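Take a look at the structure set out below.
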Amino acid sequence: MKLWGGRYDVDVDELMERFNASLPFDYRLWEVDIEGSRAWAEGLHRAGLLTVEELEALLRGLDQVAEEWRTGRFEVQPSDEDIHTAVERRLHELVGDVAGKLHTGRSRNDQVVTDERLYLRESLDRLDGLLRALQEALVEQAERHLDLVMPGYTHLQQAQPIRYSHWVLSFFWMFQRDRERLADARRRINILPLGAGALAGHSLGVDRRFLATRLGFDGVSPNSLDAVGDRDVVLEVLAWAAIFGVHASRLAEDLILYASREFGFVRLDPRYTTGSSLMPQKANPDALELTRGKSGRLIGNLVTLLVVLKGVPSAYNKDLQEDKEPLFDTLDTLHMLVPVLTGVVRTLQPQPERMRTALDTATLATDLADYLVRRGMPFRQAHHVVGRAVAEAERRGLPLHQLPLDAFQAISPLFDADLYRVFDAERAVEARSSEGGTASAAVRAQIEAARHVLAEE
Ligand code: ARG
611 MKLWGGRYDV DVDELMERFN ASLPFDYRLW EVDIEGSRAW AEGLHRAGLL TVEELEALLR
671 GLDQVAEEWR TGRFEVQPSD EDIHTAVERR LHELVGDVAG KLHTGRSRND QVVTDERLYL
731 RESLDRLDGL LRALQEALVE QAERHLDLVM PGYTHLQQAQ PIRYSHWVLS FFWMFQRDRE
791 RLADARRRIN ILPLGAGALA GHSLGVDRRF LATRLGFDGV SPNSLDAVGD RDVVLEVLAW
851 AAIFGVHASR LAEDLILYAS REFGFVRLDP RYTTGSSLMP QKANPDALEL TRGKSGRLIG
911 NLVTLLVVLK GVPSAYNKDL QEDKEPLFDT LDTLHMLVPV LTGVVRTLQP QPERMRTALD
971 TATLATDLAD YLVRRGMPFR QAHHVVGRAV AEAERRGLPL HQLPLDAFQA ISPLFDADLY
1031 RVFDAERAVE ARSSEGGTAS AAVRAQIEAA RHVLAEE
């Protein structure tokens, strides 16, 4: 018999029953569903709606249902529509008619969002730990290879030399913002919807403040209609994950390029590459390609829920059940993706020689312009003069640092023999000592700031 079967004298169409069911994916809420039910039962008892004996019977029964889920012995029935009805059905089998008192004043509408918030709270805490480990791997990588200088790119063209560590740390800060956003979302998640009833609140005197404290929430939702129809927390987590996915994808893309034969700046640990079934020489960066690819589904899951929500009328409508599969898919994806990416970073082997030889002295053209600036030339003019020197070197088929002094001086008399000292990437990097720059002191300060952020929590 359906829990809502009273008004029905026919069975629901069998295919419709399957279409309607969410148990195949919401079963994973069993633990938080039971946790919420325990609190609700206590609330009912405090409101004088359950005797001590009845409360104890319910709590014991709920424990037993939990035990069955935990040990994989819970037997799902075809009539179990979702996790809420499955738990209640089984509770009734175990403790008898008193089970029918548990749902007093409660609706699955406030129950399901309470479950989701409890579930998310825990998932996000775990995810935060995983992101933190990724950040730690980045800091360690940056610290270990502080000496390495490589070409920095804009438009994927060599731009200016930078420290490898500086590049590595750029991702630390992206993931730091992700973690800040996560903490911010968690604050809004930690508001209790239970007690909102179906849409209008409940009339039985269950103290919502008690429930909030009992379940570790920071407050109660201020409007019951909003509480049951609100999926912002799910949306925020999906949006958060999509942004993180984009960051992870960009790191993956850089590394795929840097690990290619053409760049050769890093080697990937064989634990994170795979071979080709046809070409014996291949070691493909699959871990990184999947990281890049999975950002697509993270974005897709966000878009799915946005589209589901946009036309839904106030309060609960069954459309809202469609929030779960994208959410669980995103969480599952991240719980694998982040540790794999962390492993890739932890085992990266940078190749100093390849970085050095790749570095074109033309990346020091800005430094040459700065040289002229220090000799009194306005920057715009210096930029133009150096541009002409670059063109002249190109015309002669020489790298910029081999253009003879007389050729430089033919372009500007401000050039002197000491100009060649500019062609030293290490020096150029060290000159960029502004806060947040790529000089070793600035990068060391970043590492310290990063360590500070990690230690603060
Ligand atoms: N399985 C439902 C969901 O996930 C639970 C809420 C059902 N509420 C209802 N009135 N049918 O959204």
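Per my numbering, residue 611 is the first one in the sequence shown, and the count goes up by one each step. All C-beta atoms in this analysis are idealised placements derived from N, C-alpha and C, irrespective of residue type, glycine included. A quick note: this is a predicted structure, and the numbers were derived from the prediction, not measured.
For residue 759, there is no enclosing alpha helix (DSSP H); the enclosing beta strand (DSSP E) covers residues 759-764. The beta carbon of residue 1019 sits closer than 7 Å to those of 1025, all from its chain and outside the five residues before and after it, given in chain order. Straight-line spacing of the CA atoms in residue 618 and residue 628 works out to 18 Å. Judged by their CB atoms, residue 694 and residue 721 are nearer to each other than the 9 Å cut-off. Following the DSSP letters along the chain, one finds residue 716 in no alpha helix (DSSP H), marked with neither H nor E.
Nearest in C-alpha terms to residue 735, of all of 859, 796, 746, is 796. With a cut-off of 8 Å, the C-beta of residue 930 is classified as near the ligand ARG, since at least one heavy atom of the ligand falls inside that distance. The Cβ-Cβ distance between residue 848 and residue 911 falls below 9 Å.
In this structure, residue 934 has its CB closer than 8 Å to one or more heavy atoms of the ligand ARG. Annotated three-state conformation of residue 959 is strand, per DSSP. Taking 9 Å as the cut-off, the beta carbon of residue 753 is found closer than this to the beta carbon of residue 775.
Looking at the DSSP output, residue 802 sits in a beta bridge with 830. The three-state secondary structure of residue 901, taken from DSSP, is helix. Annotation: the continuous alpha helix (DSSP H) that includes residue 824 extends over 818-824. Residue 691 has its Cβ nearer than 8 Å to a heavy atom of the ligand ARG. Under the three-state reduction of DSSP output, residue 1042 falls in the coil class, being neither helix nor strand. For the ligand ARG, no non-hydrogen atom lies closer than 8 Å to the CB of residue 713. For residue 700, the enclosing alpha helix (DSSP H) starts and ends at 693-705. With contacts defined as CB atoms closer than 9 Å, residue 727 and residue 802 qualify as a contacting pair.
Cβ-Cβ distances below 6 Å link residue 844 to 933, 937 in the same chain, with the five nearest sequence neighbours on each side left out; the list follows chain order. For residue 769, the uninterrupted beta strand (DSSP E) segment begins and ends at 767-773. Residue range 842-868 is occupied by the alpha helix (DSSP H) that includes residue 855. Cβ neighbours of residue 992 within its own chain (closer than 7 Å, five residues either side excluded): 979, 982, 983. Contact between the stretch 850-862 and the stretch 905-923 is present: 3 or more CB-CB pairs across the two stretches fall below 8 Å. With fewer than 16 other beta carbons inside 10 angstroms of its own, residue 989 counts as exposed. Beta-bridge annotation (DSSP): residue 877 is paired with 959. Of all C-beta pairs linking the stretch 816-829 to the stretch 645-659, three or more are shorter than 8 Å, placing the two stretches in contact. An exposed status is given to residue 793, since fewer than 16 other beta-carbon atoms sit within 10 Å of its beta-carbon.
Contact holds between the stretch 956-971 and the stretch 870-879, because three or more Cβ pairs, one in each stretch, are under 8 Å apart. Annotation: residue 1052 to residue 1041 spans about 10 Å, alpha carbon to alpha carbon.
With a threshold of 8 Å, the Cβ atom of residue 694 counts as near the ligand ARG, since some heavy atom of the ligand is closer than that. Within 10 angstroms of the beta-carbon of residue 917 lie fewer than 16 other beta-carbons, which makes it exposed. Across the set 699, 636, 952, the C-alpha of 952 shows the shortest separation from the C-alpha of residue 881. Between residue 878 and residue 957, the C-beta spacing is below 9 Å.
Contact between residue 712 and residue 741 does not hold, since the beta-carbon distance rounds to 38 Å and is not under 8 Å.
Beta-carbon to beta-carbon, residue 960 and residue 758 are separated by about 6 Å, close enough to satisfy the 8 Å threshold.
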